[in-house]
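>
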Amino acid sequence: MILQLIAKILLAAGTAFLLLGSIGVNRFPDFYARAHAATKPDTLGLGLCMLGLALYDGITLDSGKLLLIVLFVWMANPAASHALGRAAIDWGLVPWVRKGERQDDR
Amino acid sequence: MFLSIITTLVAIALILPFYRVLKGPTVYDRMMGVSVAGTKTVVLICLVGFVYGRINMFIDIAIAYAMLNLLGAIVVAKYLQRTGGEPE
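Sequence order for the protein chains is S and G. For the first sequence, our numbering gives the first residue as 1, with consecutive numbering after it. For the second sequence, our numbering gives the first residue as 1, with consecutive numbering after it.
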């Protein structure tokens with residue numbers, strides 16, 4: 001019973017992080033800021049949701065598989081985001097700056 | 001009941017990045033939106049498995065989806081690094 005309460009709290013927190021990540025993807029000013037806002041809440045939100053689901057029915061074999069997904073995504077998601085950001089900066093996408101801060105020292 | 005509400009919220013969070021996919025100024029924005037939606041889809045598949053009570057089947061689908069999501073993002077990023085999203 002207490003395990004299920006902990007699982008529900010973890011699930012709610014993870015869902016809040018997933019929603020915040022989705023809002024950040026739409027609200028930030030340029031690609032690099034959006035990549036920052038997309039990846040970090042997403043990774044943490046997935047970890048919390050999967051941990052909550054692993055504890056929801058008690059510890060079974062499926063809990064191990066869910067934590068395996070978390071391990072894989074924690075390695076894979078930053079790698080994919082890094083590859084995209086590197087592709088953008090190699091192609092020459094200029095990061096956004098506030099007006100009048102700096103122009104040319106990329 | 002609780003799991004249904006959580007599933008609905010995750011589905012809403014899954015829909016929101018597609019605005020960026022449709023509108024994004026550069027092709028990198030679109031690709032990042034697809035990657036974010038893919039991560040949320042993994043969570044959604046596991047939640048649907050719990051709602052239906054058949055998590056031991058859905059969890060294998062979720063593992064395969066996570067691997068395909070990583071592969072797609074990295075392959076497209078490598079391709080865009082060469083061409084910048086414009087036709088050669």
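Glycine included, each C-beta is placed from N, C-alpha and C at the ideal position.
Please state if the CB of R20(G) and the CB of N26(S) are separated by a distance shorter than 7 angstroms.
Translated into the one-based positions of the first sequence, residue 26(S) becomes position 26. Translated into the one-based positions of the second sequence, residue 20(G) becomes position 20. Yes.
> Buried or exposed for N56(G), going by 16 or more other Cβ atoms inside 10 Å?
To locate residue 56(G), count along the second sequence from 1; it is residue 56. Counting Cβ neighbours within 10 Å, N56(G) comes out exposed, since fewer than 16 surround it.
> Any beta-carbon of chain S closer than 7 angstroms to the one on V74(G)?
On the second sequence, position 74 is the one that residue 74(G) refers to. First, the amino acid is wrong: residue 74(G) is Ile here, not Val. Yes, contact with chain S.
> Just the chain G side, please: which residues come within less than 8 angstroms of M50(S) by C-beta, in chain order?
Your numbering for residue 50(S) matches position 50 in the first sequence. Per Cβ cutoff of 8 angstroms: V43, C46.
> Just how far apart, CA to CA, sit L47(G) and L53(S)?
Along the second sequence, one-based indexing puts residue 47(G) at 47. Along the first sequence, one-based indexing puts residue 53(S) at 53. Approximately 8 angstroms between the Cα atoms of the pair.
> Measure the CB-CB distance between D42(S) and T41(G) and report whether it falls below 7 angstroms.
As a position in the first sequence, residue 42(S) is number 42, starting the count at 1. As a position in the second sequence, residue 41(G) is number 41, starting the count at 1. Contact flag unset, no.
> Under 7 angstroms between the Cβ atoms of A83(S) and L80(G)?
For this step, residue 83(S) is matched to residue 83 along the first sequence. For this step, residue 80(G) is matched to residue 80 along the second sequence. No; because the gap between Cβ atoms is not below 7 angstroms, this pair is not in contact.
> From G47(S), L18(S), Y56(S), pick the residue whose C-alpha is nearest to that of L3(S); which is it?
Here residue 3(S) corresponds to residue number 3 of the first sequence, with the count starting at 1. Ranking G47(S), L18(S), Y56(S) by Cα distance to L3(S) puts Y56(S) first.
> Taking C-beta to C-beta, are L9(G) and T15(S) nearer than 7 angstroms?
Looking up residue 9(G) in the second sequence gives position 9. Looking up residue 15(S) in the first sequence gives position 15. Yes, these two residues count as a Cβ contact at 7 angstroms.
> Residues of chain S with CB under 7 angstroms from L9(G), in chain order?
Taking the second sequence and counting its residues from 1, the one referred to as residue 9(G) is at position 9. Within 7 angstroms of the CB of L9(G), the CB atoms of chain S belong to T15, L19, in sequence order along the chain.
> Taking all protein chains shown into account, do 16 or more other C-beta atoms lie within 10 angstroms of the C-beta of V27(G), making it buried, or fewer, making it exposed?
Here residue 27(G) corresponds to residue number 27 of the second sequence, with the count starting at 1. Around the CB of V27(G), 16 or more other CB atoms lie within 10 Å, so the residue is classed as buried.
> Report all residues from its chain with a CB closer than 6 angstroms to the CB of K78(G); omit the five preceding and five following residues, and keep chain order.
Numbered from 1 along the second sequence, position 78 holds the residue referred to as residue 78(G). For K78(G), where only same-chain residues beyond five positions count, there are no Cβ hits under 6 angstroms.
> Under three-state DSSP, which class holds F2(G)?
Sequence index remark: in the second sequence, residue 2(G) carries index 2 (1-based). In the structure shown, F2(G) sits in a helix (DSSP, three-state: H, G or I).
> Residues of chain S with a CB under 9 angstroms from the CB of V34(G): which are they?
For the purposes of this step, residue 34(G) is taken as residue 34 along the second sequence, with counting starting at 1. Under the 9 angstroms cutoff, chain S gives no residues; its nearest Cβ is about 10 angstroms from V34(G).
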